[in-house]
Amino acid sequence: MDLTTDKKVDDSQITNGISSYPSSAPELLGPNPSTLPAHPLVTIEPSKSWDVIDIGEIWAYRELLYFLIWRDVKVRYKQTALGAAWAIIQPLFTMVIFTIFFGRLAGVPSNNVPYPLFAYAGLLPWTFFSNAVTNSGNSLISSANLITKVYFPRTLIPAAAVGSGLLDLAIAFTIIVPLMIYYRVSVNWHILMLPVVIFLTTLLALSVGLWLSALNVKFRDVRFALPFLIQLWLFVSPVIYPASFLPARARWLIWLNPMTGIIEGYRSSLFNQPFNWIALAISTVLTIILSTYALYTFRKMEKRFADII
Amino acid sequence: MNAIVRVQNVSKQFRIGEREALYETLRETITSTVRAPFRKLKGLNSKRNSPTIWALKDVSFEISAGETLGIIGHNGAGKSTLLKVLSRITQPTSGRVELYGRVASLLEVGTGFHPELTGKENIFLNGAILGMRKSEIRQKFDEIVAFAEIDAFIDTPVKYYSSGMYVRLAFAVAAHLEPEILIVDEVLAVGDAEFQKKCLGKMSAVAKGGRTVLFVSHNMSAISRLCSRVILLGHGVVERQGPVHDVIGHYLSSVFNSVGFRSWPDDATAPGNGIVRLRSLRVHDKANETRETLDIRQSVAIEMQYEVLSPGHVLIPNLHFYNEHGVCVFVLHDFNSGWRRRSREIGAYTTTAWIPGNFLAEGRLTVGAAITTYTPMHIHFYEQDAVAFQVVDSLEGDSARGDYVGHIPGVVRPIVDWNTAFSPDRELLESRVK
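Quick look at the structure:
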């Protein structure tokens, strides 16, 4: 009788659901206890409400942010016949309707730019902003299964919803080029301000999205209020009409809307018009205040998301 | 002590209804905010007044590096809350946890899977959600696909997957996590038997691989096979912690209300009749110690004490063993103790049956006891589910399971002799086959 010695078997080798492994191979023994770090990598404690955002942690999870954005982008136009064309159809058709009703029939002025171009340049940031706010506002609720099962910085969820909207914005931008050629509008150095206003739009959308998404976890009223709020916001923003359309006495009111400076900023960058620096400054300051407040509220409510969602 | 996880006085309080009544409406908050100042005047505060429960109360324990710790307890004992605190999903109300290693928690398989995405895309997404780096996922990608056995469908959206394929893929991703501390909830409860086997196999490979594992399960056999130490949670507090056998035995006796020892001191309630009456039943080991949990390699004694009240009857004690699936594993009769054909005198008797080690399968066994006269046939009493005990098969390699770590079916698990003849000459075999 001759017993052949057992060959070492790979851990992952599974035969008919039976896994085998060498029961006491030295390389499979536990890590040397002395390699444990002197200080804990993570300490879990009830957090203080004044905790600010942990940039280091967000950075550590940047790949997840990338994957969440990538998922939203991948999934958005799956099983649609027109696909990403929807990113163009939305603002384009709205532009056509606005041109007919406001440009032609109501005779709304458009600051020496053909009305269709004027409307489209306003609809670019507006469509991005309204979609980003709606999606991020509902993002936490629709990711309840993630929130109750895995840990990662919760800010990533609404942030990804805003981030994925940027791609749609880029697609929608491709239409403005033929429009500008058609209406013979040329660009100059003002175009350099475009990235700045896009950044500002993103930050504003993120702030509003963060705040509403956190609120939505606790108060589902947000889900109903959101479309309504977005609709009202459209009418108090200079998308359909220029800010100058308002009587001078009341104009400061529309400047209190952070979207005013931003939307006018898009037009100034694209159409060589003078920037309204005061309006842009107001938008910037309001956006910074809003983002600070939104982050603070979010961090404060974040602790209980998993318990109440 | 080289603790890799240190849990210190962790408590978690819930407001009652919080987990059920998911959200309050804005209106309620507005009205209560308006009323709050008045309530404060009266010294009342709605938050303080609403009833609360402690899901966890002053829980402290440590896990050393490389250890596999099991957590057991009734439903609602706080197991899931504890895991959620340790995986940072929910915050403790008070207390502190220190983690000296990278943690991955697996509270569910397939968290974040998106039905519209393909298998390949979901591997990357799920991997990222579980905390893997992109480069790490890319490196293990082929291994994951092979483990899940879904090569042909890797570019198909997972919504077209069968549920089996879905679960296999989800587990494959999770199985390739390489954290220093792995937290696993009842994942074994999902999937078919085949999948559960695979999970258990992979889990113990992880544990043997030197990683620290925290494992919650209702599957006592799995716990006893995988864990070196067990914590029993009850009503949010650590009721008991220690070696597997001790804690599981304690838990089972409290859950099933069945123990290694039972007695009937009261004549009125004792099973029996005018001829014979059952007094006690006891499960014990070689050291004569009463046990609820026994190692599969140990022999087990069932000791029966009874009282004969009327002389002249032939009385045969018999024991009936049922496993957790309700299958009768075997029945034992006393036919060789010398009382087989002998009439009993009045008095007290103690009969012990010895079941050899390396014979029973792992799991819970319930013992029913009876005393019968065969000619004429008469059952004097039959006490069903009188005592129970758990047989555990730890992975030390010298039981019948050898080096196999998964689930082994069958109602018994004996060690038998094996002989292997060897010859380099293949024709010898062929001639025998013919």
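Taken in order, these protein sequences are the chains called A and B. Using the working numbering, read the first sequence as starting at 1465 and increasing by one per residue. Using the working numbering, read the second sequence as starting at 57 and increasing by one per residue. Glycine included, each C-beta is placed from N, C-alpha and C at the ideal position.
Residue range of the alpha helix (DSSP H) that includes residue i
i                       : result
residue 1690 of chain A : 1685-1699
residue 1554 of chain A : 1550-1562
residue 192 of chain B  : 190-204
residue 1502 of chain A : Premise fails: residue 1502 of chain A is in no alpha helix (DSSP H) and is neither H nor E.
residue 1580 of chain A : 1579-1606
Cutoff 8 Å: residue i Cβ touching any chain A Cβ
i                      : result
residue 102 of chain B : The pLDDT assigned to residue 102 of chain B is 45, lower than 50, so where the model puts this residue is not dependable; a value taken from the coordinates is nonetheless given after this. Output row for residue 102 of chain B: interface = no.
residue 58 of chain B  : yes
residue 483 of chain B : no
residue 353 of chain B : no
residue 163 of chain B : yes
residue 70 of chain B  : yes
residue 184 of chain B : yes
residue 168 of chain B : yes
residue 471 of chain B : no
residue 158 of chain B : yes
residue 295 of chain B : no
residue 172 of chain B : yes
8 Å contact criterion, which residue i and residue j should meet: CB distance rounded
i                       : j                       : result
residue 1611 of chain A : residue 1769 of chain A : 5 Å
residue 1681 of chain A : residue 1773 of chain A : 5 Å
residue 1694 of chain A : residue 1619 of chain A : Actually they do not touch by this definition, with Cβ atoms about 22 Å apart.
residue 1734 of chain A : residue 1651 of chain A : 7 Å
residue 289 of chain B  : residue 303 of chain B  : Residue 289 of chain B to residue 303 of chain B, Cβ: 11 Å. No contact.
residue 237 of chain B  : residue 189 of chain B  : That belief does not hold up - the Cβ atoms of residue 237 of chain B and residue 189 of chain B are roughly 17 Å apart, past 8 Å.
residue 1640 of chain A : residue 1584 of chain A : 6 Å
residue 70 of chain B   : residue 127 of chain B  : Wrong, their Cβ atoms sit about 19 Å apart, outside the cutoff.
residue 1700 of chain A : residue 1601 of chain A : The pair is not a contact, with the Cβ atoms about 18 Å apart (cut-off 8 Å).
residue 1703 of chain A : residue 173 of chain B  : About 35 Å; that fails the 8 Å criterion.
residue 373 of chain B  : residue 331 of chain B  : Actually they are not in contact, since the Cβ atoms of residue 373 of chain B and residue 331 of chain B sit about 13 Å apart, beyond 8 Å.
Residue i - containing beta strand (DSSP E), residue span
i                       : result
residue 1709 of chain A : Neither: residue 1709 of chain A is in no beta strand (DSSP E) and is coded neither H nor E.
residue 1507 of chain A : 1506-1508
residue 374 of chain B  : 372-379
residue 1678 of chain A : Where residue 1678 of chain A is concerned, there is no enclosing beta strand (DSSP E), although the alpha helix (DSSP H) it sits in stretches over 1658-1682.
residue 360 of chain B  : 356-364
Proximal residues of chain B, C-beta to C-beta of residue i below 8 Å
i                       : result
residue 1507 of chain A : 152, 153, 154, 155
residue 1511 of chain A : 147
Min CB distance residue i to chain B below 8 Å
i                       : result
residue 1701 of chain A : no
residue 1578 of chain A : no
residue 1692 of chain A : no
residue 1678 of chain A : no
residue 1490 of chain A : Low per-residue confidence applies at residue 1490 of chain A: pLDDT is 34, beneath 50, and the placement is therefore not dependable, though the value from the model is reported in the following sentence. It does not: the Cβ of residue 1490 of chain A has no partner Cβ on chain B nearer than 8 Å.
residue 1771 of chain A : yes
residue 1528 of chain A : yes
residue 1756 of chain A : no
residue 1469 of chain A : Any reading at residue 1469 of chain A must be qualified, since the residue scores a pLDDT of 37, below 50, and its modelled position is unreliable; no value is offered.
Interface residues of chain A facing residue i [CB-CB closer than 7 Å]
i                      : result
residue 175 of chain B : The premise fails here: residue 175 of chain B is roughly 13 Å from chain A at the closest Cβ pair, so nothing lies under 7 Å.
Under 8 Å from the C-beta of residue i: neighbouring residues of chain A
i                      : result
residue 180 of chain B : 1531
Residue i beta carbon near the ligand PLP (any heavy atom closer than 7 Å)
i                      : result
residue 116 of chain B : No copy of the ligand PLP appears in this structure; indeed no ligand is present at all.
Chain B residues whose Cβ lies nearer than 9 Å to that of residue i
i                       : result
residue 1767 of chain A : 146, 147
Within chain B, the residues that residue i reaches when beta carbons sit closer than 7 Å
i                       : result
residue 1500 of chain A : 58, 60, 121, 156
residue 1832 of chain A : The requested residue 1832 of chain A does not occur in the structure, where chain A is confined to residues 1465 to 1773.
Any chain C beta carbon closer than 8 Å to residue i
i                      : result
residue 368 of chain B : Given the protein chain composition of this structure (A and B), no chain C is represented.
- request: Select from the region 134-147 of chain B all residues with a C-beta closer than 8 Å to any C-beta belonging to chain A, and list them in chain order.
  value: Of all residues in the region 134-147 of chain B, only 140, 141, 142, 143, 144, 145, 146, 147 come within less than 8 Å of chain A when Cβ atoms are compared, listed by chain position.
- prompt: Looking at chain B, which residues of the region 1602-1629 of chain A have a Cβ within less than 9 Å of any of its Cβ atoms?
  reply: 1607, 1609, 1610, 1611, 1612, 1613, 1614, 1615, 1616
message: Closer than 8 Å between beta carbons: that is the criterion. Which residues of the region 1535-1565 of chain A meet it against chain B?
response: 1535, 1538, 1539, 1542, 1543
The region 391-402 of chain B: positions lying closer than 7 Å to chain A by Cβ: none
- prompt: Which residues, in order along the region 187-206 of chain B, keep a beta-carbon less than 7 Å from a beta-carbon of chain A?
  reply: 189, 190, 199, 203
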